[in-house]
Amino acid sequence: MIKLDRVFKFYRSGGILKIVLDHVTTEFQSGYSYGLMGVNGAGKSTTMRLIAGNELPNSGKIRRDVRVSWPLGFAGGFHHQMTGRENVKFVARVYGADIRKTLHFVEDFAEIGDYIDAPVRTYSSGMMARLSFGLSMAIDFECYLVDEITAVGDARFQARCLEAFTERRKHADIIMVSHSMGTIKDYCDRGGVIVDGQMVMFPNVDLAIEAYNRLNR
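Given below as structure tokens:
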């Protein structure tokens, strides 16, 4: 279970206060996959980063009793002066994963060849996404975070990504952000809508989609 307890998150920009989550208390129960929806700028991606631990709330707490991934495709945690190999080893150590097994999986999956030993700062965005997705699949999580992941590589590589993700979903939940309601329905059975700093949760994903669609009329 992942629980938000009176979470308050805001940003200041140009003297303007932008409240993302206004003392939100809610929970994501284990055994269910959730779709997070909201209009552009509502705070979906920020919420995902808070759940992942990439950002901290200004006040309140986020409690996790499951092993949560970073947002799939998110490469912000890589050290750009380190090589791909060094980054993979570092992340494997942090999560207590077998370093050799993790590195072997990522090298085979990401298909970036000798670039695995080049500094990450030299990678294209596509190579970065391949490395990040491969590393996400190399480590077992109980909850995967998916923030508008886009297709990476050619059709064959995209098929490999889908196959790997489908296999992980057999034993894990997901929390997903997507503007595609079809994707949300395919992957999620519950939903939440972020609006005006609040997160309204629905026990059925169809109800959440209906609420989201009403916001966009």
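Numbers in this note's numbering are just positions in the sequence shown, counted from 1, shifted up by 128. Just so you know, even glycine gets a beta-carbon here, dropped at the ideal spot from N, CA and C.
CA-to-CA distance, residue j to residue i, given in whole angstroms
i, j, result
"N186", "S141", "15 Å"
"A238", "L178", "27 Å"
"K313", "R249", "36 Å"
"D242", "A287", "23 Å"
"S161", "Y272", "9 Å"
"V333", "Q209", "42 Å"
"V269", "G224", "It is worth fixing the name first, because residue 269 is Phe in this sequence and not Val. Each residue's alpha carbon lies about 12 Å from the other."
"P247", "L200", "21 Å"
"R318", "D275", "16 Å"
"L145", "G171", "14 Å"
Short CB-CB distance (under 9 Å) between residue i and chain B
i, result
"V323", "This model lacks chain B altogether, as it is built from one protein chain only."
Same chain only: Cβ atoms within 6 Å of residue i, ignoring 5 sequence neighbours per side
i, result
"I147", "F138, G325"
"Y340", "M165, V321"
"A220", "I227, T230"
"R195", "F269, E270"
For residue j and residue i, believed in contact at Cβ under 8 Å, the rounded distance
i, j, result
"R213", "I244", "5 Å"
"I130", "R192", "5 Å"
"C289", "G163", "Contact flag wrong, Cβ pair sits at about 19 Å."
"M309", "I337", "5 Å"
Residue i - containing alpha helix (DSSP H), residue span
i, result
"I179", "172 to 180"
"V274", "Taken as a continuous stretch (DSSP letters only), V274 belongs to no alpha helix (DSSP H), being part of the beta strand (DSSP E) at 271 to 275."
"Y340", "333 to 343"
Range of the contiguous beta strand (DSSP E) that encloses residue i
i, result
"F138", "130 to 141"
"H151", "144 to 156"
"V127", "Residue 127 lies beyond the range of the chain shown here (129 to 345); nothing can be said about it."
"K73", "A question about residue 73 goes unanswered here, because the residues of the chain that appear run from 129 up to 345."
Same chain, Cβ closer than 7 Å to residue i, five either side skipped, listed in chain order
i, result
"T153", "L132, D133, R134"
"F136", "L149, D150, H151, P185, N186, S187, G188"
"Q157", "M129"
"F206", "N215, V248"
Neighbourhood of residue i by C-beta distance below 8 Å, restricted to the same chain and skipping five residues each side
i, result
"T344", "For the record, residue 344 in the displayed sequence is Asn; it is not Thr. Excluding sequence neighbours, N344 sits near V167."
Any non-hydrogen atom of the ligand PLP closer than 8 Å to residue i Cβ
i, result
"Y162", "Among the components of this structure there are no ligands whatsoever, and the ligand PLP is therefore not found."
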